[in-house]
Amino acid sequence: MGTLKFLIEKEFKQTLRNSIIPKLIVGYPIMVMLIFPWAINFEVKNIKVSVVDHNNSVYSQRLIQKVDASKYFIINNITSSYDEAMVDIEKTNADIILEIQPFFDKNIVKNKTADVMLSANSVDGTRGLLGNAYLSQILNDYSSELRSELAHTDMSPKHKMSAINIIPQYKFNENLDYKVFMIPALMVMMVTLICGILPALNIVSEKENGTIQQINVTPISKYQFILAKLIPYWIIGFIILSIAFVVVGLLYGIWPAGGFFPLYISSLVFIVGISGLGLIISNYSETLQQAMFLAFFFILIIILLSGLFTPIASMPKWAQIVAYSNPLSYFMEIMRMVYLKGSSYRGIANPLLFLTAFAVGFNTWAVLSYRKR
Amino acid sequence: MKNNIIVEVSELTKKFGNFTAVDNITFKVTEGEIFGFLGANGAGKTTAMQMLIGLSKQTSGEAFVAGYNIRTESEEIKKNIGYMSQKFSLYEDLKVWENIRLFAGIYGMKDKDIAEKTDDLLKRLDFEDERNTLVKSLPLGWKQKLAFSVAIFHNPKIVFLDEPTGGVDPATRRQFWEMIYKAAEDNITVFATTHYMDEAEYCDRVSIMVDGRIDALDTPSNLKAHFEAKDMDEVFRKLARKATRD
Chain A
1 MGTLKFLIEK
11 EFKQTLRNSI
21 IPKLIVGYPI
31 MVMLIFPWAI
41 NFEVKNIKVS
51 VVDHNNSVYS
61 QRLIQKVDAS
71 KYFIINNITS
81 SYDEAMVDIE
91 KTNADIILEI
101 QPFFDKNIVK
111 NKTADVMLSA
121 NSVDGTRGLL
131 GNAYLSQILN
141 DYSSELRSEL
151 AHTDMSPKHK
161 MSAINIIPQY
171 KFNENLDYKV
181 FMIPALMVMM
191 VTLICGILPA
201 LNIVSEKENG
211 TIQQINVTPI
221 SKYQFILAKL
231 IPYWIIGFII
241 LSIAFVVVGL
251 LYGIWPAGGF
261 FPLYISSLVF
271 IVGISGLGLI
281 ISNYSETLQQ
291 AMFLAFFFIL
301 IIILLSGLFT
311 PIASMPKWAQ
321 IVAYSNPLSY
331 FMEIMRMVYL
341 KGSSYRGIAN
351 PLLFLTAFAV
361 GFNTWAVLSY
371 RKR
Chain B
1 MKNNIIVEVS
11 ELTKKFGNFT
21 AVDNITFKVT
31 EGEIFGFLGA
41 NGAGKTTAMQ
51 MLIGLSKQTS
61 GEAFVAGYNI
71 RTESEEIKKN
81 IGYMSQKFSL
91 YEDLKVWENI
101 RLFAGIYGMK
111 DKDIAEKTDD
121 LLKRLDFEDE
131 RNTLVKSLPL
141 GWKQKLAFSV
151 AIFHNPKIVF
161 LDEPTGGVDP
171 ATRRQFWEMI
181 YKAAEDNITV
191 FATTHYMDEA
201 EYCDRVSIMV
211 DGRIDALDTP
221 SNLKAHFEAK
231 DMDEVFRKLA
241 RKATRD
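Protein chains in written order, with this note's numbering: chain A, 1 to 373; chain B, 1 to 246.
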């Protein structure tokens, strides 16, 4: 135990003397939480619409105004020729064409039904698809609006149809705010990078400098050496997370609904696990280059297959299997549950159990593969 | 006292696949001796030394260092030896006193003893002004002297030096060997590999490895007489000529 004190002291001196790491510890969480929640956003906004208005009536004008008033759409051009609208699409001035048929107003009044045509540029699939869906929503709104108006004007009971409204209700993140959804996941990503890669690079650089050989001829046990390497990064991980919690709270007013304690407990388990993965990487690399490449290889896989950007449920079966054998998936689940749903221990017990299993597994592997030659 | 055996090696062999790096070597080193372990590049010196300090396991044969078996008791050996390698291996981003404190602490010394002994050492080396200097900004010769001092700071029974004076100027090499003599006076056995044949003359006894075997082992004067050579350089060249390995 006495030896460990000297080793940890050494690691802290080296870390604090490093020209980048202390700045990184403070700057990284602030920057990530300040910038990424705005940038990593799957909401589609500012969809450009070219309207082909063959009708040019009060009803069609009203429709156009309604589209224009929506925050999702920008009316790019109003024309009477479909070909002209197609040119807009080709020049990427427009994402969607809304074509209003010639007898739109008459059909609405007489037949209570009218046709419009939507054509979406699907080169950017998400934009096309979501734009289409949003626009259909507006059309639905408009049609029910018209129905009730018309029903009022001719008062006959047969026209009094009740407009069916579908009001989707989203729980726990009522406004479907992507920021709220992404922030817990970004925290996970940050801790993964700091606590997974940094200790691995640290150990490998000792190999490259030859100092590890000096350590290997001393009576230090491999547990002491590894612990002394990891403890500083565990502490750094906690500092970074705490800074992120505060930044997010002050900046976005988002505080963990389930309280801080379950967050810290599961972070501890996760950090121990992910630094174990870093150790495994360092044990199999002789040079910094190898370690970097191995680390990026794994980090890319575990981040992309964790449900950070895309829901695990919509992945193909094989990718789901990878995602479920990925500690990040579980930690992200916990973070989102605690942050958004306010889950307490009972809610996170299962993923926490998986995380613990990963931590034990990775670290056992790390200790076994570290050879004090 | 002088006749206690500190290193006893018998029929030690190390193979890497078909290649026999160390071929059945047998020798003894007595306590307080300065033992020169010579050989051309690739003769197997470093491999042999790494087995003795527990960094690599032998293929066959037995060896005892400070009374402990290198096969089964390497952790005990590590408590009783010092080691300094050709690759400079103190922490460059730690200060002089911090390096001393770290390695002393690793060998289980107490804070108070470390502080006292550090003062003594820095005074003796005339290093007091450099106490708070980062090791990376020291000149190489000073680094090597510091590394040696750190290697014997915990009073090991034997210190292994792997080409300690590589790349160091002659004046500093002389000072370095004075430090080695001083350590030997304090009854620390010195086991050193070197390329410099003038340094071989400073040793009590010298072994010369050729192709993984020990081809000669005696005092420098006996070796010169035996090979009818005027200096160790000539002895070495006569032996090395027999080498078949590249």
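Don't be surprised by glycine CBs; every beta carbon is placed ideally from N, CA and C. Source: prediction; values computed, not measured.
- The count of Cβ pairs closer than 8 Å, one atom from the segment 69 to 80 of chain B and one from the segment 18 to 32 of chain B, stays below three, leaving the stretches out of contact.
- Proximity to I254 (chain A) across A:K317, A:Y339 and A:A151 peaks at A:Y339, based on C-alpha coordinates.
- Of B:H154, B:G42 and B:S60, the smallest CA-CA separation from T26 (chain B) is found for B:S60.
- When Cβ-Cβ separations below 8 Å define contact, V191 (chain A) makes no contact with chain B.
- Not a single C-beta of chain B is nearer than 8 Å to the C-beta of K222 (chain A).
- The C-beta of I106 (chain B) comes closer than 8 Å to at least one C-beta of chain A.
- Of all residues in the segment 6 to 35 of chain A, only F6, K10, K13, Q14 and R17 come within less than 7 Å of chain B when Cβ atoms are compared, listed by chain position.
- In the structure shown, N111 (chain A) adopts helical secondary structure according to DSSP, grouped into three states.
- Chain-order list of chain A residues neighbouring K238 (chain B): empty, with the shortest C-beta distance near 34 Å, by a criterion of under 8 Å.
- Interface with chain A (8 Å Cβ-Cβ cutoff): I81 (chain B) is included.
- A Cβ of chain B is located within less than 8 Å of the beta carbon of T3 (chain A).
- With a beta-carbon spacing of about 17 Å, N326 (chain A) and I348 (chain A) fall beyond the 8 Å limit used to define contacts.
- With respect to the 8 Å criterion, T193 (chain B) and T46 (chain B) are classified as neighbours on the basis of their beta carbons.
- Between V52 (chain A) and A85 (chain A), the C-beta gap is smaller than 8 Å, which places the two residues in contact.
- For T287 (chain A), no chain B residue has a Cβ inside 9 Å of its Cβ, as the nearest lies near 15 Å away.
- Around L102 (chain B), the beta-carbon contacts reaching into chain A at under 7 Å are F6 and K10.
- It is roughly 9 Å from the alpha-carbon of N46 (chain A) to the alpha-carbon of I75 (chain A).
- Using a Cβ-Cβ cut-off of 8 Å, Y91 (chain B) counts as an interface residue toward chain A, since at least one Cβ of chain A sits closer than that to its own.
- Interface residue (Cβ-Cβ distance to chain B less than 8 Å): G278 (chain A) is not classified as such.
- D162 (chain B) is bridged by DSSP to B:T193.
- Within chain A, the residues placing a beta-carbon under 7 Å from that of E75 (chain B) are P219, ordered along the chain.
- At a C-beta separation below 8 Å, G210 (chain A) has these neighbours in chain B: S85, K87, F88 and S89.
- Between L102 (chain B) and F362 (chain A), the alpha-carbon positions lie close to 29 Å from each other.
- Straight through space, the alpha carbons of H226 (chain B) and A240 (chain B) are spaced by roughly 15 Å.
- At a cut-off of 8 Å between beta-carbon atoms, E98 (chain B) makes contact with chain A.
- An exposed status is given to Q65 (chain A), since fewer than 16 other beta-carbon atoms sit within 10 Å of its beta-carbon.
- For the segment 169 to 190 of chain B, the set of residues with a beta-carbon nearer than 9 Å to any beta-carbon of chain A is empty.
- Taking CB atoms only, K78 (chain B) has a neighbour in chain A less than 8 Å away.
- Residue range I5 to F16 is occupied by the beta strand (DSSP E) that includes E11 (chain B).
- Secondary structure at F354 (chain A): helix, using DSSP grouped into helix, strand and coil.
- The DSSP assignment places complete beta strand (DSSP E) segments of no fewer than 3 residues inside the segment 28 to 96 of chain A at 47 to 53 and 73 to 79, in order along the chain.
- Beta bridge pairing from DSSP links V210 (chain B) with B:R213.
- By alpha-carbon distance to V360 (chain A), the top candidate from A:L250, A:V26, A:L193 and A:I271 is A:I271.
- For Q290 (chain A), not one C-beta of chain B is nearer than 8 Å to its own C-beta.
- Taking C-beta atoms as the reference points, K242 (chain B) and V210 (chain B) count as a pair closer than 8 Å.
- Per DSSP, reduced to three states, the secondary structure at R147 (chain A) is helical.
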